[in-house]
Amino acid sequence: MEQRRALIAGNWKMNGVSADGLSLAEGLAACARRASDLPSDAAAEIPPDIAMALPCDVLVCPPFTLIDRVAKAVAGTRIAVGGQDCHAKVSGAHTGDISAEMLKDIGCGYVIVGHSERRADHGETDAVVKAKAEAGLRAGLVAIICVGETEAERDAGQTEAVVARQVSGSFAAGGTPETVVIAYEPVWAIGTGRTASPEEAQAVHARIRAELVGLIGADAAGKMRILYGGSVKPSNAAELLRQPDIDGALVGGASLKVEDFWGIVRATE
Ligand code: PGA
Numbered sequence: 028m029e030q031r032r033a034l035i036a037g038n039w040k041m042n043g044v045s046a047d048g049l050s051l052a053e054g055l056a057a058c059a060r061r062a063s064d065l066p067s068d069a070a071a072e073i074p075p076d077i078a079m080a081l082p083c084d085v086l087v088c089p090p091f092t093l094i095d096r097v098a099k100a101v102a103g104t105r106i107a108v109g110g111q112d113c114h115a116k117v118s119g120a121h122t123g124d125i126s127a128e129m130l131k132d133i134g135c136g137y138v139i140v141g142h143s144e145r146r147a148d149h150g151e152t153d154a155v156v157k158a159k160a161e162a163g164l165r166a167g168l169v170a171i172i173c174v175g176e177t178e179a180e181r182d183a184g185q186t187e188a189v190v191a192r193q194v195s196g197s198f199a200a201g202g203t204p205e206t207v208v209i210a211y212e213p214v215w216a217i218g219t220g221r222t223a224s225p226e227e228a229q230a231v232h233a234r235i236r237a238e239l240v241g242l243i244g245a246d247a248a249g250k251m252r253i254l255y256g257g258s259v260k261p262s263n264a265a266e267l268l269r270q271p272d273i274d275g276a277l278v279g280g281a282s283l284k285v286e287d288f289w290g291i292v293r294a295t296e
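Quick note: the sequence shown uses this note's numbering, first residue 28, plus one each step.
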């Protein structure tokens, strides 16, 4: 873990209109400024050594409608902003879709691809997810590629096989530790209050890293961050993050409250 800086990413999903979304963003910005000992009105670029005072990298992924304003609300802090999905193409006749380039244009540094809710609700296959991840890289975004087994797959003893297949099928060609993050999210743990035990999660993370060794080599695989997601809260974050191959968290429900999300950020200290 010494060579991997933790990343705590908030996935707001389809939550937030102007009032609550912006107050959440402003609350997080205030926490980030406090953590960095910056005056609350500090809007200028902060020097990297002060940014390092944050215990980890911090990312929020609001719904598309709020990204622009959230990016402005957290400007001057080291909180990064990302999209929850993107289309694989740069532009064109794709009504309702958003390209990775559009996300980059409004201040995003990251894009989540292949979340299990996208795979389930929109029938996204590994091939689709791979194309979206590659679109993220093309646009200069870090792609967070999500994988995870269903409860039936876990009960059938297929967890590691399913997850390994998703990682190799969804991985962006040319992906590096600087441009790709993997998120392991067991589907049965998302939004249910149930989490994989730290040991269960660690076993799958280790299997993912072994799969990455085959894809990008041992050195790069050792540097790539693998996040855990699924009912992460301030009360369970620290023991999950203590596992050697868990390098951060992708947080849904608990990312909608300033105290809860910042509590998870603090758990990386
Ligand atoms: P949850 O969601 O934290 O609400 O379980 C995690 C996710 O889907 O990214």
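We treat Cβ as the ideally placed atom computed from N, Cα and C, and that holds for glycine.
Here the structure is a predicted model, which is why all the values come from computation and not from measurement.
| Check | Outcome |
| --- | --- |
| Alpha helix (DSSP H) segments (min. 4 residues) lying fully within the stretch 209-252 | 225-243, 245-250 |
| Among K131, G280, D112, G136, nearest to C173 - alpha-carbon criterion | D112 |
| Nearest to L242 (by Cα), restricted to the options G110, R192, G103, K159 | R192 |
| From D84, G37, L49, A57, residue whose alpha carbon lies closest to that of R22 | Here the chain has residues from 28 to 296 only, and residue 22 is not among them. |
| Contact check, G275 vs L254, beta carbons under 8 Å | yes |
| Three-state secondary structure (DSSP) of S282 | helix |
| Those runs of the alpha helix (DSSP H) which lie wholly inside the stretch 249-277 and span at least 4 residues | 261-268 |
| Residue range of the beta strand (DSSP E) that includes C173 | 169-174 |
| Contacts around S126, its chain only, beta-carbon distance under 8 Å, and the 5 residues preceding and following it disregarded | C113, H114, K116, V117, S118, A162, A166 |
| E212 Cβ short of 7 Å to the ligand PGA heavy atom set | yes |
| Reference P271; option with closest CA among R234, G257, K284, P261 | R234 |
| CB-CB length for G54 against V285, believed under 8 Å | 4 Å |
| Those residues which DSSP pairs with D84 across a bridge | L34 |
| Three-state class that DSSP yields for V97 in the structure shown | helix |
| Beta carbon of E212 nearer than 8 Å to that of G175 | yes |
| Collapsed DSSP secondary structure at V44 in the structure displayed | coil |
| Limits of the beta strand (DSSP E) - the one that V194 falls within | Taken as a continuous stretch (DSSP letters only), V194 belongs to no beta strand (DSSP E), being part of the alpha helix (DSSP H) at 186-197. |
| Cα-Cα separation between V278 and A120, rounded to whole angstroms | 33 Å |
| Start-to-end residues for the beta strand (DSSP E) that takes in G109 | 106-110 |
| Closest by C-alpha distance to A214, when choosing among D246, V240, H142 | According to the sequence displayed, residue 214 carries Val and not Ala. When each option's Cα is compared against that of V214, the closest is H142. |
| Selected residue, minimal CA-CA separation from L283, among V194, S197, A223, V259 | V259 |
| Classification of T152 by the beta-carbon crowding that lies within 10 angstroms, buried from 16 upward | exposed |
| Contacting residues, own chain, Cβ-Cβ under 7 Å from G290 (five flanking each side not counted) | P261 |
| Three-state secondary structure (DSSP) of S143 | helix |
| Local conformation of A70 per DSSP, three classes | Note that A70 scores 49 on pLDDT, short of 50, meaning its location in the model is unreliable; the coordinates nonetheless yield the value given after this. A70 falls in the coil class under three-state DSSP. |
| For V5, three-class secondary structure by DSSP | Residue 5 cannot be examined here, being either before or after the span of the chain that is shown, 28 to 296. |
| Among V155, N38, T206, the one whose alpha carbon lies nearest that of G110 | N38 |
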